[in-house]
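Here the numbering used here runs 255 ahead of the position in the sequence shown, where the first position is 1. The C-beta atom is built at its ideal place from N, Cα and C for all residues, glycine as well.
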Amino acid sequence: DPKFNIGDRVLKRLSTSRTKLSSIYSDPMVVIDAEHPTYWIKNDSNDVYQVHVSQLRSFSTS
């Protein structure tokens, strides 16, 4: 399992039913608390989600 630190930017796997061309992951979010394997992440609208590490992917801008 990957480990993330507070302040890391991550993508959250979307759980809604998808079509072939829809997104699998959310927009980038920020890790605000970490107790591996559970993470709390926040989006740009300040909504907070508690998620398991298996639902996260690292996000880089490079």
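DSSP three-state assignment for S309, whether helix, strand or coil: As a working note, residue 309 is residue 54 in the sequence shown. Residue state, collapsed to three classes: helix.
Helix, strand or coil at R273 according to DSSP, with G and I counted as helix: In the sequence shown, counting from the first residue as 1, residue 273 sits at position 18. R273 falls in the coil class under three-state DSSP.
Enclosing beta strand (DSSP E) for D288 [first to last residue]: What you label residue 288 is simply residue 33 of the sequence shown in a count that begins at 1. Run containing D288: M284 to E290, per the beta strand (DSSP E) assignment.
Cut-off 7 Å between Cβ atoms - residues of its own chain near V297, not counting five sequence neighbours on either side: Walking along the sequence shown from the start, residue 297 turns up at place 42. Inspection of the sequence shows that residue 297 is occupied by Lys rather than by Val. If we look at K297 and ignore the five residues flanking it on each side, its Cβ neighbours are M284, V285, I287 and V303.
Residues that I296 bridges to, as DSSP identifies them: Position 41 of the sequence shown holds residue 296. Answer is V286 and Y304, bridged to I296.
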